[in-house]
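Numbering (the UniProt record's numbering), first residue to last: 1 to 379.
C-beta: ideal position from N, C-alpha, C; glycine also.
Report on the structure given below.
Shown next, in the form of structure tokens:
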């Protein structure tokens, strides 16, 4: 089921997925892992949602972690000389745990979010001999479990399976709502040295119409191909991305502040940039909760989640490598900030409630990026 993905498509997908992620992301180690798998004889297939059977079962797998991990747990288990399992084993076991609990075999993997979770979906699907779905349940990276297209449309993520680095196996059979899945899952991750693997939103093929952003991996391939070909032809990759995404160049500048704080299982970053090129004399500020959430140009609102805010390398068009940890910005790095309108499902009333500014504690409403940019002017 599905078509074989070529080595070039896989590389483009991982580069494009990092761009989609709305945070810093280094695609090089991801591509290295896929290339090693290809060399070892693994194959990677992708299937269109239209070709997936209505009775089939799909699920997503992703890492769950963040700042503020219980350091004493790590120290105690080291003293106990408790063995850990590899991330690959965690990812495989968590699908087996879900399948065994549900009494149904997962027939395809769906990407939970952009960035590293794309590699997870590819590797697990390849190892299980099943395809990855050309779709996503977020279309971007998101800081919280409940922030997903299925939940917008009333599809719950339970039952949820969790496996920790020590091989602990947990099933969340029932939860009050998706916020409680986030609370419980995050607590387990924080209590497990800052990391766990979790399944997301098991769905039948019949439910896919309401639960996914279709073509999301093809979009990642397109973004990666766009910047690659621009560089090969000595064209500006940022200009090329702007055309493909109908996006906006929000800023270009040097990172002068990147204050990170791990708390409650998340990484919070206070980012400031000083302008270069056409933005010389201007400043930009970004609020980050794992991902870029709000941007201000010279103190004025400029881009707001759920719209996408990408931080990119001006020379390559690729996502900038993370700073100290997830969502971080390397100091003194020159960065281009791109803004792109979110997929329509994120702009629904519930999508804005899940990913809009008030959810993150701000006292203002979501304003679409095209409206903000229409009234924008550099003094």
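In this structure, what does DSSP give as the bridge partners for residue 271?
Counting from one through the chain shown, the residue named residue 271 turns up at place 271. Per DSSP, 258 and 286.
DSSP state of residue 170 mapped onto helix, strand, coil:
What you label residue 170 is simply residue 170 of the chain shown in a count that begins at 1. Here residue 170 sits in strand by DSSP.
Leaving aside the five residues before and after residue 405 along the sequence, list all residues of the same chain whose C-beta is less than 7 Å from its C-beta, in chain order.
Coverage of the chain is limited to positions 1 through 379, which leaves residue 405 absent and any answer about it impossible.
To the nearest angstrom, report how far apart residue 275 and residue 313 are at their CA atoms.
In the chain shown, counting from the first residue as 1, residue 275 sits at position 275. In the chain shown, counting from the first residue as 1, residue 313 sits at position 313. Approximately 14 Å between the Cα atoms of the pair.
By alpha-carbon positions, which one of 249, 270, 243 and 264 ends up nearest to residue 256?
By one-based count along the chain shown, residue 256 stands at place 256. The shortest C-alpha separation from residue 256 is found at 270.
Count Cβ pairs between the stretch 20–40 and the stretch 237–255 that sit closer than 8 Å; are there 3 or more?
no
Are the stretch 78–93 and the stretch 153–160 in contact at 8 Å, needing three or more beta carbon pairs?
no
Are the beta-carbon atoms belonging to residue 323 and residue 24 less than 8 Å from one another?
Within the chain shown, numbered from 1, the residue matching residue 323 stands at position 323. Within the chain shown, numbered from 1, the residue matching residue 24 stands at position 24. For residue 323 and residue 24, yes; Cβs fall inside 8 Å.
Where in the stretch 5–62 do unbroken runs of the beta strand (DSSP E), each at least 3 residues long, occur, reported from the N-terminal end onward?
45–47
Closer than 8 Å is the cut-off here; do at least three beta carbon pairs connect the stretch 187–207 with the stretch 57–66?
yes
Can you check the stretch 300–337 for any beta strand (DSSP E) of at least 3 residues that lies completely inside it and give the ranges in chain order?
300–304 and 308–312
Just to confirm, are residue 137 and residue 148 a CB contact at a threshold of 8 Å?
Taking the chain shown and counting its residues from 1, the one referred to as residue 137 is at position 137. Taking the chain shown and counting its residues from 1, the one referred to as residue 148 is at position 148. Yes, Cβ-Cβ distance for residue 137 and residue 148 is below 8 Å.
Between the alpha carbons of residue 325 and residue 267, how many angstroms are there, rounded?
On the chain shown, residue 325 is found 325 positions in, with the first residue counted as 1. On the chain shown, residue 267 is found 267 positions in, with the first residue counted as 1. Rounded to whole angstroms, residue 325 to residue 267 spans 8 Å at the Cα level.
What is the DSSP secondary structure of residue 221, counted as helix, strand or coil?
To locate residue 221, count along the chain shown from 1; it is residue 221. Looking at residue 221 - three-state DSSP - the assignment turns out to be helix.
Look at residue 355 and residue 220 and say whether their C-beta atoms are less than 8 Å apart.
Within the chain shown, numbered from 1, the residue matching residue 355 stands at position 355. Within the chain shown, numbered from 1, the residue matching residue 220 stands at position 220. Taking 8 Å as the Cβ cut-off, residue 355 and residue 220 do not qualify as a contacting pair.
Range covered by the beta strand (DSSP E) that runs through residue 200
What you label residue 200 is simply residue 200 of the chain shown in a count that begins at 1. Per DSSP, residue 200 belongs to the beta strand (DSSP E) from 195–204.
Of the residues 121, 44 and 76, which one's Cα is nearest the Cα of residue 88?
Here residue 88 is taken as the residue at index 88 of the chain shown, counted from 1. Nearest option by C-alpha distance: 121.
Could you tell me if residue 78 is buried or exposed, where buried requires 16 or more neighbouring beta carbons within 10 angstroms of its beta carbon?
Counting from one through the chain shown, the residue named residue 78 turns up at place 78. By the neighbour-count rule (16 or more Cβ atoms within 10 Å), residue 78 is not buried but exposed.
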